[in-house]
Amino acid sequence: MASTPTSENLPPDLNTPPTPKTQRAALLIVFLVVFIDLLGFGIVLPLLPRYAKQFLPEDLSAEMKGLTIGLLFSCFSLMQFIFSPIWGRISDRVGRRPILLLGLAGSVACYALFGYASTLQGTEWFALGLLFVSRTGAGIAGATVATAQAVIADCTTREKRSSGMALIGAAFGIGFTFGPLLAFAGLTVSNDNRGLPGYLASGLSLIALIIAWKKLPETRKPETRSVHRGWIDPKSLSDVLNLPVVGILVLTYFLATFAFANFEGTLSMLTDANFGYTDRDNFLVFAYVGFILMLAQGYFYRKLAKTMPEMTLATIGIAMMFFGLVQLAGVAATATMSELADVRLVWFLESLGMAVFGFAFINPSLAGLISRHSDPNRQGEILGVNQSFSALARILGPLIGNFLFALESSHLLPYATAAGLLAIVFLFLPKVKRAVRAAH
Numbered sequence: 329m330a331s332t333p334t335s336e337n338l339p340p341d342l343n344t345p346p347t348p349k350t351q352r353a354a355l356l357i358v359f360l361v362v363f364i365d366l367l368g369f370g371i372v373l374p375l376l377p378r379y380a381k382q383f384l385p386e387d388l389s390a391e392m393k394g395l396t397i398g399l400l401f402s403c404f405s406l407m408q409f410i411f412s413p414i415w416g417r418i419s420d421r422v423g424r425r426p427i428l429l430l431g432l433a434g435s436v437a438c439y440a441l442f443g444y445a446s447t448l449q450g451t452e453w454f455a456l457g458l459l460f461v462s463r464t465g466a467g468i469a470g471a472t473v474a475t476a477q478a479v480i481a482d483c484t485t486r487e488k489r490s491s492g493m494a495l496i497g498a499a500f501g502i503g504f505t506f507g508p509l510l511a512f513a514g515l516t517v518s519n520d521n522r523g524l525p526g527y528l529a530s531g532l533s534l535i536a537l538i539i540a541w542k543k544l545p546e547t548r549k550p551e552t553r554s555v556h557r558g559w560i561d562p563k564s565l566s567d568v569l570n571l572p573v574v575g576i577l578v579l580t581y582f583l584a585t586f587a588f589a590n591f592e593g594t595l596s597m598l599t600d601a602n603f604g605y606t607d608r609d610n611f612l613v614f615a616y617v618g619f620i621l622m623l624a625q626g627y628f629y630r631k632l633a634k635t636m637p638e639m640t641l642a643t644i645g646i647a648m649m650f651f652g653l654v655q656l657a658g659v660a661a662t663a664t665m666s667e668l669a670d671v672r673l674v675w676f677l678e679s680l681g682m683a684v685f686g687f688a689f690i691n692p693s694l695a696g697l698i699s700r701h702s703d704p705n706r707q708g709e710i711l712g713v714n715q716s717f718s719a720l721a722r723i724l725g726p727l728i729g730n731f732l733f734a735l736e737s738s739h740l741l742p743y744a745t746a747a748g749l750l751a752i753v754f755l756f757l758p759k760v761k762r763a764v765r766a767a768h
């Protein structure tokens with residue numbers, strides 16, 4: 329029989345309703361925590377495929393190297409697929425604060441392990457195994473993003489929900505801008521110390537943990553009633569997909585994220601193959617990506633969200649991302665055309681910026697719509713399931729993207745495939761719009 333919590337059995341922090349001052353403080357602290365944690369993520373992500381490639385045997389086929397690198401990306405997302413709804417469901421019962429603290433503590437340990445593994449020499453398979461362990465653990469720890477979204481949902485009205493969700497996107501963007509820049513500076517000063525980026529990411533996550541421990545209030549409202557479920561409940565995935573409106577929004581979010589992950593997981597390989605960029609050069613490219621995210625979600629989206637509905641903004645984002653990916657395929661296809669050498673870099677940056685700007689509009693729009701059409705008592709669980717399907721897209725995207733990248737010499741297939749997926753998303757849009765209108 330389902331049970332519900334009462335004021336007597338709620339944790340102490342949940343017996344006090346969050347005040348407006350507490351809610352504002354929670355929004356600010358969640359922004360800072362996600363920002364600092366994403367600094368660490370932005371430091372490590374550009375190095376993953378390059379470090380893994382250096383640890384793989386020379387006689388391994390190009391296809392197997394691509395598949396292995398894709399698996400290294402995907403193990404992180406596989407853990408997010410499994411743990412996002414688990415953490416969300418637990419946070420609905422015990423509160424948001426302890427789950428966020430647990431995730432940050434895990435990030436400290438896993439980034440430190442990444443730093444150690446990066447320095448190993450002469451033990452390539454062992455080092456590669458440690459990279460897999462560190463990314464698996466980081467995926468479990470990072471699955472608490474859905475809990476951060478639940479904090480936003482706790483502290484905002486339905487009308488301001490999408491604007492609130494864009495706060496997390498802006499924190500992602502700012503962290504993803506300065507993380508690679510910090511790594512670039514660190515590698516420059518330390519003469520390319522391979523372990524430094526991982527240790528730096530671990531230290532930043534420790535700072536985020538200390539801030540959250542001292543300042544983050546509990547935001548889950550004591551009057552909410554969470555149905556008692558087991559921590560692991562596979563049925564909740566199908567239950568959420570069958571919810572009116574929510575199910576088709578989750579599916580749309582999945583396809584858009586899958587398309588984005590196709591090029592995100594191969595970007596550092598493309599800059600190497602097409603432009604000959606070093607690790608330090610590559611950090612600057614990823615900083616550019618973060619800057620676009622920060623600009624799009626931190627300014628343009630939040631400004632436009634005051635006057636335009638989420639569905640319109642999501643449609644704009646899908647169109648921009650589609651044209652950006654089509655152009656990225658063109659950049660890859662023209663790698664050998666010397667007559668375009670002077671314009672290819674500008675073309676690459678423009679197309680990359682358009683694709684990222686588009687996804688920056690898609691992300692908060694769909695997350696906000698999903699939250700607005702969710703039962704308040706199941707915010708953590710439903711947002712967790714959405715993050716879980718997003719993680720599944722990030723499993724399949726890099727896995728397939730890196731495999732496609734290695735199939736032919738121009739490396740255009742991941743970007744052409746991603747554009748094709750967005751064309752499918754366009755076919756979904758009329759049905760999504762009808763479902764959203766019908767729910768109002």
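Take 329 as the starting number for the sequence shown in our numbering and just add one per residue. Yeah, the Cβ is synthetic: ideal placement off N, Cα and C, and Gly gets one too. Remember, predicted model here, so these are calculated numbers, not experimental data.
Go through its chain and collect everything with a Cβ distance to residue i's Cβ below 7 Å, but skip five positions before and after it.
i: residue 400; result: 376, 380, 459, 460, 463
i: residue 407; result: 464, 467, 468, 471
i: residue 476; result: 358, 362, 428, 496
i: residue 735; result: 741
i: residue 594; result: 729, 730, 733, 742
i: residue 367; result: 503, 506, 507, 510, 532
Taking the straight line between their C-alpha atoms, what separation do you get for residue i and residue j?
i: residue 641; j: residue 586; result: 19 Å
i: residue 554; j: residue 420; result: Reliability of the predicted coordinates at residue 554 is poor, the pLDDT of 48 falling under 50, and no value is obtained from them.
i: residue 581; j: residue 623; result: 21 Å
i: residue 763; j: residue 738; result: 41 Å
i: residue 351; j: residue 652; result: 37 Å
i: residue 732; j: residue 502; result: 30 Å
i: residue 683; j: residue 615; result: 15 Å
i: residue 675; j: residue 685; result: 15 Å
i: residue 754; j: residue 643; result: 8 Å
i: residue 526; j: residue 371; result: 7 Å
i: residue 387; j: residue 422; result: 51 Å
i: residue 568; j: residue 602; result: 42 Å
i: residue 500; j: residue 618; result: 7 Å
i: residue 701; j: residue 504; result: 30 Å
i: residue 531; j: residue 506; result: 15 Å
i: residue 714; j: residue 432; result: 21 Å
i: residue 716; j: residue 709; result: 10 Å
i: residue 538; j: residue 758; result: 46 Å
i: residue 574; j: residue 389; result: 43 Å
i: residue 756; j: residue 749; result: 11 Å
Would residue i be called buried (16 or more neighbouring beta carbons within 10 Å of its own) or exposed?
i: residue 627; result: exposed
i: residue 655; result: buried
i: residue 636; result: exposed
i: residue 570; result: exposed
i: residue 485; result: exposed
i: residue 706; result: buried
i: residue 666; result: exposed
i: residue 621; result: buried
i: residue 334; result: Caution applies to residue 334, whose pLDDT of 38 falls short of 50 and renders its modelled position unreliable; the model cannot decide the point.
i: residue 670; result: exposed
i: residue 572; result: exposed
i: residue 604; result: exposed
i: residue 664; result: exposed
i: residue 452; result: exposed
For the alpha helix (DSSP H) containing residue i, list its first residue and its last residue.
i: residue 392; result: 390 to 422
i: residue 475; result: 473 to 483
i: residue 585; result: 574 to 592
i: residue 608; result: 607 to 623
i: residue 525; result: 524 to 543
i: residue 648; result: 638 to 661
i: residue 464; result: 452 to 470
i: residue 599; result: 595 to 603
i: residue 629; result: From DSSP, residue 629 is part of no alpha helix (DSSP H); its letter is neither H nor E.
i: residue 548; result: Run containing residue 548: none; DSSP gives neither H nor E here.
i: residue 376; result: 376 to 383
Which same chain residues, not among the five before or five after residue i, have their C-beta less than 8 Å away from its C-beta?
i: residue 479; result: 354, 355, 358, 424, 428, 547
i: residue 559; result: Low confidence applies to residue 559: its pLDDT is 45, below 50, so where it sits in the model is not reliable enough to give any reading.
i: residue 752; result: 583
i: residue 454; result: 448
Sorted by chain position, which residues of the same chain lie with C-beta nearer than 6 Å to residue i's C-beta, five sequence neighbours on each side aside?
i: residue 722; result: 405, 589
i: residue 744; result: 657
i: residue 577; result: 694, 697, 698
i: residue 668; result: 662
i: residue 447; result: 522, 523
i: residue 456; result: 383
i: residue 437; result: none
i: residue 474; result: 412, 416, 711, 712, 715
Using a C-beta cutoff of 8 Å, does residue i count as contacting chain D?
i: residue 409; result: Any reference to chain D falls outside this structure, which holds one protein chain only.
Give the list of continuous alpha helix (DSSP H) stretches no shorter than 4 residues that lie fully inside the region 680 to 754.
707 to 733
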